[in-house]
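Inspection log for the structure reproduced underneath, given as structure tokens.
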Amino acid sequence: MLLGLFGCGGAGSSSDQPAATAVPTQLVAGFVEDGPIVDAKVSLLDPVTGETARRCWTSGVGRCEATTDDRGHFRMQLALDVDPDGYRLVSTGGRDHATGISFEEDGLGFSAPLSAFIGTRERLVLSPLTTLLDRLVQGGSSLDQALQQLTAWAGLSYPGPLLAQPPPYIVLERNLLLVELWRLMRENGGGDPWNVLGQHVLSGQPLFSSGILNQQELAGLLDSPTVTPQRLTEQTILLMDLSRQLEAENSADSAFARVNRALVADLLGRELDTFFTTKDAAVFDSADAAYQANRKQVFSAISDAVNGAVPLWNWIPQKILQHVLFKYHPNNQSLTEFAAFQQTDPALFAAGLVRVADGQTISLMTDSRIAEIASGQPQHRVSQPLAVTELLLPGDNLSRVGYYYNSDISHLSRVDDLARAVLDDQLSDELLVKLVKGTAKSGMVQGWVGDELFPTDLSRLIENRINGSEFRGKAYVEQANVASDWGLFADALEALDRAENYFYVVLNAKGTVFFADSDAENYRELAVGYLNAGNFSAADRVLTYLHQSIARPIGTRNAYAQVFSAGMKLADRAIDQGDLASARSVIDRLRQIAMETPADFSRTGTASYKSRVFHLVETARRYAAIGVGQEVLDLYYGPGMVAELRTDDGLQSGDGTFKNKTGSYTKAYMDEMAQALYQAGDVSGAFSLLDSLSASSRAKGYKSLAAFIALHEEEQGGLLSPHPVEPPDSEMNALDLVYYKVPTDLFNPTQKEAQIDALTYFVRSRTVPFMALSLIDAGYNLVAADVLVQAVDLVRQLKDNQAKPFNLGSSKIDFGFAKIADLYVDIGRDQEARLLLEEAEAQVLPNMTDAGQINQSLVRMADVYLRMGDATAAENLLSRASASLSLDSYKVLIDALFRIHSGVIAGFVADYVTLADQILTDVNLTDKELASIEKHLIYAASFYSALGEQGAAVAVLDRARLVADRVTVDNEHINRLIDWVAGYAKIDDYSGALKAVRAIEQEGFRVSRNKALLAIGEVYAARDDFPKIDTAGVDIDRDGQPDFFNPLATAEEIQNSGLITDDDMDGDGVPDAQDARPMYFDNAR
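Numbering (UniProt numbering), first residue to last: 1 to 1085.
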């Protein structure tokens, strides 16, 4: 068990701070029991607020929470000055290992009023009976009345042993039956079972008669419009039989075993019925006597094989049943065939319940694999061979999906285990949110795929394992976003509604005055989520709430900024979707928010309208984008708008002076404002504004404007040629702006470099497209090619050794020939791209003298060859890279070599590590330099792992640990150790990662243990071997072929991906259809 590796946790969280002086306390302790409930969260509720009290532990202000141990015991220290009467204890989650019930998955919890326990409060009890007592007291009954009513209803003496600890057998028996009654009532629907049972207590009709359940009363409690008559009969028989059996017992252990066997038989009986109804509907008869008798034998043998309670969580019973059905062939008949269960001779059927493994005959009752699955081990251990009938055949995608996600190498299972080991509520919640996202992306969500894959019930995971309301909301948003991506809009909207409720709970609890950046982000993502799911009205409702209920009442600049940021994203998404009416509605609200935004004050007290101007400009940009020009002009020229505020803001600063700083503080926004003015038809105003700006802002503004005009010209008939001499501003076209208006800037110190930038895109960032890339993005490939011809002419005029500032690379190759060749590839003109690269190689490279620039150019050119699919040319260039590479250059080079599956990678990785070792001989390296070297060593380990050299990868991580230990600043040292731990996860060495956590814990870094576990979990949660597509995500042998496709992907989506399923997932040379260990490399690396 993972927790066993790191020790057990107590109560509280990382947010609890110790007081300077410990306060006197009183012990509040007891037991949560049906059987003992392990890992239940017990909270003491304040009678005034109904929330968890904050009067515990030595600080006197800690959260009154605790977690039960393996006896179901909890303890907390309550401040001595608190009178516990009136307080309530509630428990949530946990597991009963004696009966196999998961309170976490069932959503089952107990409660108790502290007033019921007279005298000592060190042996309190939370149980089904105390829960009903609590409901009666909460409903208005006095404690004495409630005790009398409850004991009579339960067939106990008054005042009796109801609150005794340990409980006498009769109380244990009642509690066991009440738990199962609660579970069946919940299965049938119809409201909170505890409330329904509480009302039944008040009816005066006893549930127990002569020591066993009253069948008539029981049937009435179970009856529901949603339950079928057959299921109601099954439930009634189950509980009545169980009641008689428990009445005949006299020990707790025997009672627990009876309950577990009964629940297992009921659960697996329904599973088996469903299996055969689906598979053999024409011949299946659930009432067949032989079938009933033989399946009873199977279920009993399963319980015997487990030799203890069969856990009823995590699909464990179903996984055991699947193992049995596919592994066992009594009398040469597979148990997957109904006919096998129709054997009329029980002895013959029992004798046939054997399987053969490794030459040994194993009977069902002694099958150790069943106990292993019951212990929580994954259903499939990839090192263990599959039976012939289980081999993963070509084209059977779902079998591959089910095998991987239910195996011991599933990345999601590892995240789940790690989340249980993180003993810090906030960090655990963060990891669980990532688990929800990863699970949703995998498609393995209950209701999205069939239950035969054992998918996760995300709502139960969120409700029962995530502690904080904010994180629950975040998790639901993540689930909703993925659901929308797959077209599951009803599921998305249901999740978003839950998220919205949780976000409101958070704000109501802390007060809107404390609205923070995280809240703005939450609501922004919520609104966009509603829009993605097709519900604009809900998205607009969220924005309206933020504006009217948050920004206006709080009235601060920060509140308005946070709300405005949410609205921008919503408007942009509506524009992207072409929903201009919705976009206009949101932009109109943005205008209101912008005009209401109050002044900013710097730390020195200087006042400005920096934020208001920013909001007005961003609003104007969006009006321009939807073609509403007059609004743009009003926002710039109108009274109290941008131009006027920048000229004279009229603000008095803290020292009483009028500094008029808005103009200088908002220069960075004016290039965007100028483009909006141009789009609105105000050409002279746009140019005048741009010409007033600094070189960098002016350059970006004219380049963006040139790209915009180019698109407009092409839409109107074609890109216009530049004038031979500079024309008046009113006659300038797109190319005129490039040649006559674009200035030099920080990254482009010469005019020709600036013009090349304007004709392509910003330096090396494709996310800031200028003319050619904007035309390509819009589908105007022919005119884009004409623009690239002009760019090439400019490149040829650059000097061969001309370098970009900040060591970015060669102006002539990296930001010239190679950059333009890459754009030619975008439009399918590989021949032009090749000619440019050959020209660069033949005419420029020989004249270059800087080794670092040469290496960068070789890598950049190779990248373009790779995009054309010419691995030979790419490898030829990469092999010429000299030994003078920096660590950063090595990283880029090796990444490129991997893309062409080069055979020389290992040598370069070795040189990469050697260079790091050489640099480390300097004893005067700074912490920052050490951090960089450690980062590169972790990269090198990942490279070795990808090459199949796991031993070398681990050896490099050993070096990384030594580097981390040289860091002198404590916090940085801890961060480097956490990165080192995560390095093991990145090479998929799960056991090594856990050993690394133990190592840093043993060396005194116990506080970092949770963060280290979180780091490991984040690596696994984010695993995606095909990040650019949704249809596939796992590639075990990293050969570029998916091991399976997402179970939600359609045949058309799979075909469009261009990918083909790997027929040798582990890369061991044995086709999966013949490989009994298809995800295990048989010649272990």
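All residues carry an ideal CB built from backbone N, CA and C; glycine is no exception.
| said: Any contact between the stretch 574-592 and the stretch 604-611? By contact I mean 3 or more CB pairs, one from each, below 8 Å. | reply: No, they do not touch.
| field | Close-in-space but distant-in-sequence residues of the same chain around residue 71 (CB under 6 Å, 5 per side omitted) | value | 36
| Residue range of the unbroken alpha helix (DSSP H) whose run includes residue 278 | 252-279
| message | Does the structure place the stretch 1067-1084 close enough to the stretch 462-480 that three or more beta carbon pairs sit under 8 Å? | response | Short answer: they don't touch.
| message | If I follow the unbroken beta strand (DSSP E) through residue 76, where does it start and stop? | response | 73-79
| request: Please list the segments of the alpha helix (DSSP H) lying wholly inside the stretch 613-673, counting only runs of 4 or more residues, in order along the chain. | output: Within the stretch 613-673, the complete alpha helix (DSSP H) runs of at least 4 residues are 629-637, 642-647, 662-665.
| query | Thinking just about the alpha-carbon of each residue, which of 144, 844, 764 is nearest to the one in residue 805? | reply | The shortest CA-to-CA distance from residue 805 to any of 144, 844, 764 is the one to 764.
| task | Leaving out five residues on either side along the sequence, give the residues of the same chain with a beta carbon under 8 Å from the beta carbon of residue 338. | result | Cβ neighbours of residue 338 beyond the five flanking positions: 276, 279, 280, 283, 284, 291.
| query | For residue 943, does the three-state DSSP call read helix, strand or coil? | reply | If DSSP states are grouped into helix, strand and coil, residue 943 belongs with the helices.
| query | Among residues of its own chain, excluding the 5 on either side of residue 1020, which ones have a beta-carbon nearer than 7 Å to its beta-carbon? | reply | 411, 414, 415, 985
| field | 8 Å contact criterion, which residue 99 and residue 309 should meet: CB distance rounded | value | 6 Å
| said: Restricting to runs no shorter than 4 residues, where is the alpha helix (DSSP H) found entirely within the stretch 740-779? | reply: 751-759, 771-777
| the stretch 848-860 in contact with the stretch 823-832 per 3-pair CB rule at 8 Å | Taking 8 Å as the limit for Cβ pairs, the verdict is that the stretch 823-832 does not touch the stretch 848-860.
| field | the stretch 175-191 in contact with the stretch 159-166 per 3-pair CB rule at 8 Å | value | Judged by Cβ distances under 8 Å, the stretch 175-191 makes no contact with the stretch 159-166, as fewer than three pairs qualify.
| field | Residues that DSSP places opposite residue 362 in a beta bridge | value | 355
| query | Are residue 813 and residue 867 closer than 8 Å when you measure CB to CB? | reply | no
| message | Closest to residue 815 by C-alpha separation, out of 889, 934, 762, 597, would be which residue? | response | 762
| Which ranges does the alpha helix (DSSP H) cover as unbroken runs of at least 4 residues, wholly within the stretch 967-1052, from first to last along the chain? | 970-986, 990-1002, 1009-1021
| task | Express the C-alpha separation of residue 86 and residue 146 in angstroms, rounding to a whole number. | result | 15 Å
| request: Keeping to the same chain, check which residues put their C-beta closer than 7 Å to that of residue 211; ignore five residues upstream and five downstream. | output: 155, 247
| request: Would you mind stating whether residue 646 and residue 619 have Cβ atoms separated by less than 8 Å? | output: no
| task | Kindly indicate the opening and closing residues of the beta strand (DSSP E) around residue 125. | result | 124-126
| said: Using a Cβ distance threshold of 8 Å, determine whether the stretch 523-537 contacts the stretch 567-579, with at least three qualifying pairs required. | reply: yes
| Per-residue burial, residue 220 [other beta carbons within 10 Å of its own, 16 or more giving buried] | When all chains shown are included, residue 220 counts as exposed.
| request: Measure how close the beta-carbons of residue 790 and residue 759 come, nearest whole angstrom, since I'm counting them as under 8 Å. | output: Here residue 790 really is in contact with residue 759; their C-beta atoms are around 6 Å apart, less than 8 Å.
| query | For residue 399, which residues of its own chain have a beta-carbon under 6 Å away from its beta-carbon, when the five flanking residues on both sides are left out? | reply | 392
| message | Here's the rule I'm using: 16 or more other beta-carbon atoms within 10 Å means buried, otherwise exposed. How should residue 901 be labelled? | response | exposed
| said: When you compare the CB positions of residue 52 and residue 25, do they come within less than 8 Å of one another, or not? | reply: no
| Length of the line joining the Cα atoms of residue 640 and residue 679 | 22 Å
| said: Going by C-alpha to C-alpha distance, which of 652, 223, 77 sits closest to residue 600? | reply: 652
| task | Mind listing, in chain order, the continuous alpha helix (DSSP H) runs of no fewer than 4 residues lying wholly within the stretch 862-911? | result | The stretch 862-911 is shown to contain whole alpha helix (DSSP H) runs of 4 or more residues at 871-878, 887-899, in chain order.
| task | Buried or exposed for residue 747, please, with buried defined as at least 16 other CB atoms from any protein chain shown within 10 angstroms of its CB. | result | buried
| field | Span separating the alpha-carbon of residue 965 from that of residue 430 | value | 28 Å
| task | May I have a chain-ordered list of the alpha helix (DSSP H) segments no shorter than 4 residues that lie completely inside the stretch 402-463? | result | 411-421, 425-442
| request: Report back the beta-carbon spacing between residue 506 and residue 523 to the nearest angstrom; my notes put them in contact at under 8 Å. | output: That pair is no contact at about 10 Å.
| query | With distances taken from CA atoms, which of 344, 734, 905 is nearest residue 293? | reply | 344
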